[in-house]
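Enquirer: Below: one structure in structure tokens.
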């Protein structure tokens with residue numbers, strides 16, 4: 001019931017977008033009216049040739065009719081070309097209007113716990129609708145209403161011809177319905193299996209180092225091969241079934257045209273109709289049944305678009321477009337959590353419960369806890385990735401949801417535990433994939449992260465192209481990611497295990513960067529396992545199974561919560577201070 005309601009919301013959004021092209025769709029319908037009227041040119045021409053020109057042996061009549069036919073076919077060709085161009089523009093416009101919306105919804109859904117690691121076909125679903133809107137299948141919708149008119153014209157020539165044509169049309173419609181029933185499931189399975197195989201291939205590509213380093217090439221190839229084989233098998237099955245109905249329809253239509261010629265010839269021999277009517281009836285028969293045949297030929301495209309529309313409606317309905325928010329001024333580094341409880345999206349168990357603390361400008365908070373204690377969950381909720389189910393997170397007095405997501409990203413610099421860099425230059429990565437990175441801001445951020453000298457040693461410096469960071473060591477990636485978090489002067493830094501890949505020099509550079517950030521009025525929240533990672537922190541918060549066990553000044557918390565406080569204090573002290 002809930003899924004149906006969400007799908008209806010998504011359907012309304014898709015319909016609202018499509019309504020923008022109502023005028024263009026109307027023009028296709030108008031073009032189709034005249035195109036189908038002009039389709040009578042052939043039958044009428046043949047009727048006049050056999051019944052008038054051959055009977056009168058008038059060359060002048062033949063030339064006049066031929067010139068008229070050339071003109072009418074020329075107009076018909078122009079109209080048919082025009083509606084094809086309009087349909088292509090509708091499809092492209094529909095996709096263009098939804099590209100950013102679908103991409104944003106896809107990215108947003110990717111953070112949902114139950115969706116991570118599963119193939120997401122949002123953009124492919126949108127493309128399938130675009131292909132349908134741009135395909136000849138759309139013309140069949142406007143041409144089908146003319147089928148009864150053409151059949152009625154055949155009845156005018158002779159009732160027996162009309163009944164034969166009508167029977168053939170009913171048979172083709174029955175085949176169309178049977179085609180939908182028989183091929184629906186195979187087409188859906190083929191689409192699903194293809195998406196699974198593609199997702200598996202992409203996961204192996206992104207983890208190629210682990211695959212090669214652990215000798216998993218054969219296992220990966222076998223696993224991908226099975227997924228690909230399953231996709232190929234279901235796709236072949238769907239293609240066979242769809243091809244069977246396409247061939248059956250084409251064969252039947254050709255037979256019906258021959259049958260109507262045979263019947264027409266018999267009626268001519270009985271002097272019940274003319275030879276011109278016989279030829280014209282055969283041509284009209286082909287034209288009357290063409291939209292039905294075209295629908296069957298394009299049926300796999302129609303089914304994929306229907307499946308895509310259903311999936312797209314569900315996704316858009318479940319990921320509504322965020323409402324426009326009033327732009328707030330740049331905040332100060334006052335971060336406050338009040339009784340925050342977090343349930344990861346797609347799950348039903350809270351990983352943080354009733355968490356409260358406050359960090360002010362110039363302070364750094366260390367969040368300490370064992371694995372699965374809720375540290376990374378806290379990082380995600382502080383950056384607005386996951387919303388809390390209860391409680392409030394405020395930045396300079398305003399709740400996080402009151403900020404535009406893009407603005408919030410500028411005010412809160414985030415270094416995730418699993419560092420990921422993107423295809424592009426180092427400069428573009430630091431500038432958060434900006435198309436036109438500000439060189440001054442990029443270099444300033446790199447210097448703050450003590451990554452400037454390291455970057456200059458790379459082959460092309462800041463213009464060095466990287467493929468997801470494949471050419472960089474773990475420490476280099478982490479320092480570039482820290483520079484990315486510091487880009488454009490955020491007011492809050494959220495660092496999840498920032499020193500996990502750093503050596504002693506990198507750790508000291510991290511402490512220096514944190515202290516400089518604090519000195520300029522910023523606030524820092526650090527999730528850490530190692531004591532050396534919290535040397536620059538003033539406050540400490542201990543999480544145990546998602547609950548705050550202790551919060552306060554760093555040394556007091558550590559002394560109260562740990563038995564080996566003197567050893568930890570020694571590890572946190574600057575070199576030479578022990």
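Residue numbers (our numbering): 1 to 578. We put the beta carbon where it would ideally sit given N, CA and C, even for glycine.
Are the CB atoms of residue 430 and residue 366 nearer to each other than 8 Å?
Expert: In this structure, residue 366 does not lie closer than 8 Å to residue 430 by Cβ.
Enquirer: Determine which residues share a DSSP beta bridge with residue 527 and list them.
Expert: Answer is 367 and 496, bridged to residue 527.
Enquirer: Which value, in whole angstroms, describes the spacing of the CA atoms of residue 548 and residue 427?
Expert: Their backbone Cα atoms lie some 39 Å apart in a straight line.
Enquirer: Contact check, residue 10 vs residue 316 under 8 Å by CB: the rounded distance?
Expert: Indeed, because the Cβ distance is near 4 Å, the residues count as touching under 8 Å.
Enquirer: Excluding the 5 residues preceding and the 5 following residue 80 in the sequence, name in chain order all residues of the same chain whose CB lies nearer than 7 Å to its CB.
Expert: Cβ within range, chain order: 35.
Enquirer: Between residue 510 and residue 501, is the Cβ-Cβ spacing less than 8 Å?
Expert: In this structure, residue 501 does not lie closer than 8 Å to residue 510 by Cβ.
Enquirer: When the Cβ atoms of the region 372 to 383 are set against those of the region 282 to 299, are three or more pairs found closer than 8 Å?
Expert: The region 372 to 383 is not in contact with the region 282 to 299.
Enquirer: So the alpha helix (DSSP H) residue 377 belongs to, where does it begin and stop?
Expert: It spans 375 to 382 - the alpha helix (DSSP H) in which residue 377 sits, taken as one unbroken run.
Enquirer: What residues match up with residue 414 in a beta bridge as DSSP calls it?
Expert: Paired residue(s): 494.
Enquirer: Provide the residue span of the beta strand (DSSP E) that contains residue 544, from first to last.
Expert: From DSSP, the beta strand (DSSP E) with residue 544 extends over 539 to 544.
Enquirer: How would you call residue 592, buried or exposed, if buried means at least 16 neighbouring beta carbons within 10 angstroms?
Expert: In the structure as shown, the chain starts at 1 and stops at 578, and residue 592 therefore has no counterpart that could be examined.
Enquirer: Hey, how far is the Cα of residue 110 from the Cα of residue 122?
Expert: Going by the C-alpha atoms only, they are around 11 Å apart.
Enquirer: When burial is assigned at 16 or more other CB atoms within 10 Å of the CB, is residue 541 buried or exposed?
Expert: It is buried - the Cβ of residue 541 has at least 16 other Cβ atoms within 10 Å.
Enquirer: Taking the C-alpha atoms as reference points, what is the distance between residue 234 and residue 303?
Expert: Cα to Cα, residue 234 sits roughly 15 Å from residue 303.
Enquirer: Taking three-plus beta-carbon pairs below 8 Å as touching, is the region 225 to 241 in contact with the region 173 to 190?
Expert: The region 225 to 241 is in contact with the region 173 to 190.
Enquirer: If I follow the unbroken alpha helix (DSSP H) through residue 223, where does it start and stop?
Expert: 217 to 269 is the span of the alpha helix (DSSP H), which, as asked, contains residue 223.
Enquirer: Report the rounded CA-to-CA distance for residue 224 versus residue 124, giving the unit in angstroms.
Expert: One C-alpha to the other measures close to 21 Å.
Enquirer: What are the start and end residues of the alpha helix (DSSP H) that includes residue 63?
Expert: Start and end: 59 to 110.
Enquirer: Compute the distance between the beta-carbons of residue 171 and residue 162, then report whether it is under 8 Å.
Expert: Not in contact: residue 171 and residue 162 (Cβ atoms no closer than 8 Å).
Enquirer: Between which two residues does the beta strand (DSSP E) containing residue 147 stretch?
Expert: Premise fails: residue 147 lies in the alpha helix (DSSP H), 147 to 157, not in any beta strand (DSSP E).
Enquirer: Quick one: using the 10 Å Cβ neighbour count with 16 as the cut-off for buried, is residue 521 buried or exposed?
Expert: Per the 10 Å Cβ criterion, exposed.
Enquirer: Alpha carbon to alpha carbon, how far is residue 177 from residue 67?
Expert: When rounded, the distance between both Cα atoms is 42 Å.
Enquirer: Could you check where the alpha helix (DSSP H) with residue 439 kicks off and where it finishes?
Expert: Per DSSP, residue 439 belongs to the alpha helix (DSSP H) from 439 to 448.
Enquirer: Touching or not, the region 144 to 160 and the region 280 to 295, by the rule of three or more beta carbon pairs under 8 Å?
Expert: Yes, they touch.
Enquirer: Closest to residue 191 by CA distance: which of 308, 390, 452 and 393 is it?
Expert: Per the Cα distances, 308.
Enquirer: Less than 8 Å between C-beta atoms, sequence neighbours within five positions excluded: which residues of the same chain meet that for residue 472?
Expert: Excluding sequence neighbours, residue 472 sits near 421, 466 and 480.
Enquirer: Tell me whether residue 457 sits in a helix, a strand or coil according to DSSP, three-state version.
Expert: Residue 457: coil per DSSP, three-state reduction.
Enquirer: Any idea what DSSP makes of residue 419, helix, strand or coil?
Expert: It is coil, neither helix nor strand.
Enquirer: Please confirm whether residue 328 and residue 340 have their CB atoms less than 8 Å apart.
Expert: Contact flag unset, no.
Enquirer: Of all the alpha helix (DSSP H) runs that stay within the bounds of the region 268 to 331, which reach a length of 4 or more residues?
Expert: Qualifying alpha helix (DSSP H) stretches, in chain order: 275 to 297 and 299 to 318.
Enquirer: Measuring only the C-alpha atoms, how far is residue 586 from residue 383?
Expert: Only positions 1 to 578 of the chain appear in this structure, which leaves residue 586 out of reach.
Enquirer: Per DSSP, which residues does residue 358 bridge with? Please list them.
Expert: Answer by DSSP bridge pairing, in chain order: 336.
Enquirer: Pick helix, strand or coil for residue 464, following the three-state DSSP scheme.
Expert: In this structure, residue 464 counts as coil in the three-state DSSP scheme.
Enquirer: Closer than 7 Å: is that where the CB of residue 372 sits relative to any heavy atom of the ligand FAD?
Expert: No copy of the ligand FAD occurs in the structure displayed, which carries no ligand at all.
Enquirer: Tell me the DSSP secondary structure of residue 550 in three-state form.
Expert: Strand.
Enquirer: Could you name the residues that DSSP lists as bridge partners for residue 392?
Expert: Per DSSP, 338.
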